[in-house]
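2 protein chains.
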Amino acid sequence: MKKILLLILLSSLVISCNTKPEKIESEGLSSEEKIDSTKIKTLFNSALIDGKSYEWLRDLTQNIGGRLSGSPEAAKAVLWGEKLMKEVGLDSVWLQHVMVPHWVRGEKEVATYATNSIQKKVPICALGFSVATPNSGILAEVLEVTSLAEAEALGEKMNGKIVFFNRPFDNTLINTFSAYGGCVDQRVQGAAVCGKFGAKGVIVRSMTNAVDDFPHTGTMSYGDLPQEQHIPTAAISSSAANILSEDLKENPNLKFYFKQSCETLPDAPSFNVVGEIRGTETPQNIFVVGGHLDSWDLGEGAHDDGAGVVQSLEVAYLFKKNNIKPKNTIRIVFFMNEENGTRGAKKYAELAKLNKENHIGGLESDAGGHTPRGFSIDANSVNTKLLQSWKTLLSPYGLHDLDKGGSGADISPLKEENVTLVGYRPDSQRYFDYHHTSRDTFDKVNKRELELGSASMASIVYLMDKYLYNNTLVKL
Amino acid sequence: MKKILLLILLSSLVISCNTKPEKIESEGLSSEEKIDSTKIKTLFNSALIDGKSYEWLRDLTQNIGGRLSGSPEAAKAVLWGEKLMKEVGLDSVWLQHVMVPHWVRGEKEVATYATNSIQKKVPICALGFSVATPNSGILAEVLEVTSLAEAEALGEKMNGKIVFFNRPFDNTLINTFSAYGGCVDQRVQGAAVCGKFGAKGVIVRSMTNAVDDFPHTGTMSYGDLPQEQHIPTAAISSSAANILSEDLKENPNLKFYFKQSCETLPDAPSFNVVGEIRGTETPQNIFVVGGHLDSWDLGEGAHDDGAGVVQSLEVAYLFKKNNIKPKNTIRIVFFMNEENGTRGAKKYAELAKLNKENHIGGLESDAGGHTPRGFSIDANSVNTKLLQSWKTLLSPYGLHDLDKGGSGADISPLKEENVTLVGYRPDSQRYFDYHHTSRDTFDKVNKRELELGSASMASIVYLMDKYLYNNTLVKL
């Protein structure tokens, strides 16, 4: 009787834990696809058992930390990357010199306002490239708008005011990057629009799906405004944005105060870190795999983009560990300055052209270290179609999304009609909880999710290397 | 020139943020599918804008907390659930009385051992239904095994010893529930196997993919062993298991000490919480949606299974909010005692039979609150095929996995040939970082991921209700 109870207990446990024998289906696969399927399984097993990316990321984020272009941390990260690439045993490793913008945040920013005799502190951070406020800060009335057009229409009315851009993310968009794309113009162009009408400053709602107390930094630009129209601009937390908006309804004349001491120093020397595994058949054909080494200064640059950096290197590590010798040259690049200038990407593309290198394709990881969802494809229609035919091989690993789309800011300067670029696309739901904030730290990255990403990337690089002949994907 | 630079900057940002206009493809859909596609989009929009599940979960986990069957917290959770169902405005709400096991942990457990004169503390927790150690604890040599068979083969050699089960998760399995299923026999049956040979106690490596310091509790059973052979059994953290294993190689005679004071009290009264929206056409046909209200005591029962509870109720909330009137009766059930006995599930099925209720289908959410991946289907082949044909409608929301598999421990007692059961399957990668530990807390649940789960569930319930006629899914 008790044995029966035990059996019932166990069977209900088995149901509850949804165990099913996990096997990768090989039915209906061609013999070539079976080989590929086995190789991909090997890459995943290897990443999940012997992966190094998580410990590399720990080292980068916890021992170096945030590494904004031009900072001492960014310089340390370059040496870190060079040393690590050598340790992994790439055939050659070198640095590409590049001058980068050097913006510094200065003292911690302060913002506050009073309403109904209550003084409220506002979580705030300067946006990258913003100028400082005067030493005494700025105090002014606030005009709230939800778009650049609305701001533009205010015209001279904003003279002497602080303009507050408060269009939130569209949370109904399933891909959170689409919501970001729908809001980020406020952050990038807000000050350029308002500076010319004599606004005193700009504050922008943080770029996030969440309502919380963390301000999100990010780059902005004054466009072609003359220096004297450059006004200080900062992000405030989404929660503070909601509260301020409510308070403005009740008290439209409240005065907002903020102070920041950031400045743009002269350009500083820095480097892309480059290493490669030379191709065995057509070494002159280069396939680039990369992420960006720089990060914003508020957090540790864990998801953005420490994850992409260590995953890119893990592609090479997994190839070597499993004795996969690529036909084409696989080049790993840790790009510098993606966050505020993409100077590293431009330099890389410029040198590629100058040296008449033949880039046949590339893969970028710069969308966080979360669980894999797929790749976005920027390629001609023939190559896109063949890439999409690999769905059968990739879907057992959760890689279902193989849609046309952008690849990434660092490899897209390599784009030409016959260059096949792909962007690694992990799940995006949590990404803007951390992006450009003090919360983008190592503890937010899950080891398995990171490793699954490395393996996903290694798998698509394996397939692309195997089937890319010069610039054409060929079905064997 | 600067305007050009700004344009370049913006275009590179746009590339980097991978924005693409998000639209749900309607091309190639039948007119009926277009209606469904629109309805599903409405449900997702509604969950992501007006969803209540996250605040409900905050309340359940932070104001009540862990709620093991028989505990005062479980009793509070029943009242909480009843009140909430009424607030949501279900047509009727009631409690189903059920007697549940009442096991209590007692004082915090202690474990330690010395090796090379170094005293090591071991993170440990008693397993559910385990007996206590003597007041003075247990001190004994340790035999390490990796399977029940290996333990069984030791036979009398384990007399007076502590048996240490140390088979780790197979981390190469992509679905972590498969890895769990491959290990959990050690936890459930370990003590039953070893008690009969006179072992003094059993310690089991925690059920997790991770190597960390958190012991994972969970249910165990002594099977048909006589009382005097019931030996204390506990889980130790995976990190401690690795270290102990190493230490045993060097010092096989080391003595392990542990002490726990748990006990099983007489069965206690408790309840399933049940509420329903009556069907407009065939109210006698019932479709169940549920999760379990009880949880382990160490954490807050956030992912396991507070998430499933609030998502189930949110299905009803979303139906009402969007004026969707189901044809069949949709019954929401907060099951009691899934964790150690599934008495609530059995009672529910027993009453359904007794009252000659006609259950046509069910949906369970008990795999955590992470980002949606799909559903597993436990149905006859005709219904399975039709369910799988909804992939086109569901995949825009990341719901790609529509494989045959178990539904869940709480609804599976309703299983008959013509009852269509599905289990909600979110991403599983992080789940066993938290499962049954002190880390299963509210802060580990992401608002959007939870809401996307509610909407996923509401969508499949909408489809199943629409196309289920009696027990058959009918393509219109």
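Top to bottom, those sequences are chains A and B. According to the numbering used here, the first sequence holds residues 8 to 483 in order. According to the numbering used here, the second sequence holds residues 8 to 483 in order. Just so it is clear, CB atoms sit at the ideal spot from N, CA and C, and this is done for glycine as well.
Check the Cα spacing between Ser244/A and each of Asp440/A, Val195/A, Trp303/A and Thr183/A: the tightest is with Asp440/A.
Rounded to whole angstroms, the separation of the alpha carbons of Ala462/B and Ser466/A is 32 Å. Among the residues of chain A, those whose CB is under 9 Å from the CB of Tyr404/B are Ile181, following chain order. Cβ neighbours of Leu358/A within its own chain (closer than 7 Å, five residues either side excluded): Gln103. Residue-level contact by beta carbon holds for Gln436/B and chain A, with a gap shorter than 9 Å.
Between Thr444/A and Leu305/A, the beta carbon gap of about 6 Å places them in contact (Cβ cut-off 8 Å). Counting only Cβ-Cβ distances below 7 Å, Asn216/B has contacts in chain A at Arg455, in chain order. For the C-beta of Phe51/A, the chain B residues within less than 9 Å are, from N- to C-terminus, Thr179 and Ile181.
The beta carbon of Gly413/A sits closer than 7 Å to the beta carbons of Ser383, Asp385, Ser419 and Gly430 from its chain, once the five residues preceding and following it are set aside; these are given in chain order. Within chain B, the residues whose beta carbon sits less than 8 Å from that of Arg380/A are Gly405, listed in sequence order. Counting other Cβ atoms within 10 Å of its Cβ, Pro273/B stays below 16 and is therefore classed as exposed. Distance between Gly88/A and Gly298/A, taken at the CA atoms: about 12 Å. In chain order, Ile181 and Gln436 make up the part of chain A whose C-beta sits under 8 Å from the C-beta of Leu459/B. Within chain A, the residues whose beta carbon sits less than 7 Å from that of Leu55/B are Asn178 and Thr179, listed in sequence order. Interface with chain B (9 Å Cβ-Cβ cutoff): Asp447/A is excluded. In this structure, Pro239/A and Thr140/A form a Cβ contact; the two beta carbons are roughly 5 Å apart against a cut-off of 8 Å. Annotation for Gln196/B: Leu155, Met227, Ser228 and Gly230 place their beta carbon closer than 8 Å to its own, counting only its chain and skipping 5 residues before and after. Three or more beta-carbon pairs separated by less than 8 Å are not found between the segment 285-295 of chain A and the segment 203-223 of chain A, which leaves the two stretches without contact. Per DSSP, reduced to three states, the secondary structure at Cys132/A is strand. When the alpha-carbon of Leu370/B is set against those of Arg338/B, Tyr324/B, Lys353/B and Val200/B, the nearest one is in Arg338/B. Annotation: the continuous alpha helix (DSSP H) that includes Asn249/A extends over Ser245 to Glu257. Residue pairing by DSSP places Val195/B opposite no residue, since no beta bridge is assigned to it. Taking a beta-carbon distance threshold of 9 Å, Asp440/B counts as an interface residue toward chain A. Bridge partners of Trp303/A according to DSSP: none are assigned. Around the beta-carbon of Glu346/A, 16 or more other beta-carbon atoms lie within 10 Å, marking it buried.
Pro233/B carries a coil assignment under DSSP once its states are collapsed to helix, strand and coil. A residue is called buried when at least 16 other Cβ atoms come within 10 angstroms of its Cβ; Val389/B does not meet this threshold and is exposed.
The DSSP assignment places 388-395 as complete runs of the alpha helix (DSSP H) inside the segment 356-398 of chain B, in order along the chain (cut-off: 4 residues). Taking the Cα positions, Ser213/A is about 32 Å away from Ala356/A. Note on geometry: alpha-carbon atoms of Ser99/B and Ser252/A lie some 40 Å from one another. Separation of Thr427/A and Glu364/A (C-alpha to C-alpha, rounded to the nearest whole angstrom) is 15 Å. Segment contact: the segment 319-328 of chain A against the segment 260-270 of chain A, fewer than three CB-CB distances shorter than 8 Å; contact not assigned. Under the DSSP assignment, Gly282/B falls in the beta strand (DSSP E) whose first and last residues are Glu270 to Ile284. The three-state secondary structure of Asp472/B, taken from DSSP, is helix. Under the DSSP assignment, Glu151/A falls in the beta strand (DSSP E) whose first and last residues are Ile145 to Val152.
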